[in-house]
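Undergrad: Pasting in a structure now, in structure tokens, and then I'll have a few things to ask.
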Amino acid sequence: MKNLEIVLWTASTKETASCVVEQLHESGLVFDDTIFRSKLWFTEPVHSKDLRLLGRDMDRVVLVDNSANCCKLNPLNAILIEDFHGFRHEEDAALVNVYYMVEALIKFAEEGTSVQEGLQRLAMEGHLCRTITYPMPEMWRNLPLSEIPPLKVPPHGKFVRANTAPPSRSIMKYWSY
């Protein structure tokens with residue numbers, strides 16, 4: 097997309113993900129850059145992606161991921177998505193919805209709207225995505241969270257999740273085969 101830098105940030109190792117990236121690039125460049133698993137951010141038993149490490153304007157950065165753990169440090173900049181199993185299907189429009197969400201975020205950015213505000217707007221409309229809430233697990237509720245490193249705290253609070261239903265049935269004929 098014009099005026100957009102697309103970076104793949106994967107929890108996979110370079111050895112594992114390179115062949116997938118090459119397949120995606122067969123029909124043309126998809127990603128401007130790829131970030132593979134790194135000791136800087138990949139921590140066990142769970143890992144998180146801290147978008148601030150990218151050194152970009154946070155009003156212009158969005159993370160699309162299937163894991164709330166990966167998004168928990170920047171939930172206002174994240175779109176959660178269901179797992180993708182390697183093939184398109186007309187009953188699963190999550191990636192199609194993400195495409196239209198990114199298009200809308202680009203338009204919003206041209207109007208001076210931040211990613212965070214744009215995602216809230218899209219979630220309120222409800223056609224492409226919705227707001228979901230992860231409650232704090234019971235055993236964590238009485239702990240002094242300010243004294244616990246953020247990487248160790250489970251994801252909680254509000255997130256935006258891409259809908260799996262298409263905005264319209266007719267649109268899917270262009271996206272599935």
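Residue numbers (the working numbering): 97 to 273.
All residues carry an ideal CB built from backbone N, CA and C; glycine is no exception.
If you reduce the DSSP assignment to three classes, tell me which class F176 lands in.
TA: The sequence given here places Leu at residue 176; Phe does not occur at that position. In this structure, L176 counts as strand in the three-state DSSP scheme.
Undergrad: According to DSSP, simplified to helix, strand and coil, what is I131?
TA: strand
Undergrad: Buried or exposed for G71, going by 16 or more other Cβ atoms inside 10 Å?
TA: Look at the range of the chain in this structure, 97 to 273, and you will see that residue 71 is not part of it.
Undergrad: With which residues is L201 paired in a DSSP beta bridge?
TA: DSSP, once it has assigned bridges, lists no residue as partnering L201.
Undergrad: Return helix, strand or coil for I267, following the three-state DSSP convention.
TA: In the structure shown, I267 falls within a helical segment according to DSSP collapsed to helix, strand and coil.
Undergrad: Please classify G214 as buried or exposed, where buried requires at least 16 neighbouring CB atoms within 10 angstroms.
TA: buried
Undergrad: Quick one: grab the DSSP three-state call for T139.
TA: coil
Undergrad: Can you tell which of S123, H223, L239, E243 has its C-alpha closest to the C-alpha of R265?
TA: For the residues S123, H223, L239, E243, the minimum Cα distance to R265 belongs to H223.
Undergrad: Where do the N-terminal and C-terminal ends of the beta strand (DSSP E) with G214 fall, by residue?
TA: Here G214 belongs to no beta strand (DSSP E); instead the alpha helix (DSSP H) covers 211-221.
Undergrad: Kindly give me the distance between the Cβ atoms of A205 and V256, rounded to whole angstroms, as I take these residues to be in contact under 8 Å.
TA: That pair is no contact at about 16 Å.
Undergrad: How should V126 be labelled, buried or exposed, when 16 other C-beta atoms within 10 angstroms of its C-beta is the threshold for buried?
TA: Within 10 angstroms of the beta-carbon of V126 lie fewer than 16 other beta-carbons, which makes it exposed.
Undergrad: Evaluate S242 with the Cβ neighbour count: other Cβ atoms within 10 Å of its Cβ, from every protein chain shown; 16 or more gives buried, anything less gives exposed.
TA: exposed
Undergrad: Output the boundary residues of the alpha helix (DSSP H) element that contains A113.
TA: 110-121
Undergrad: When you compare the CB positions of Q212 and M268, do they come within less than 9 Å of one another, or not?
TA: no
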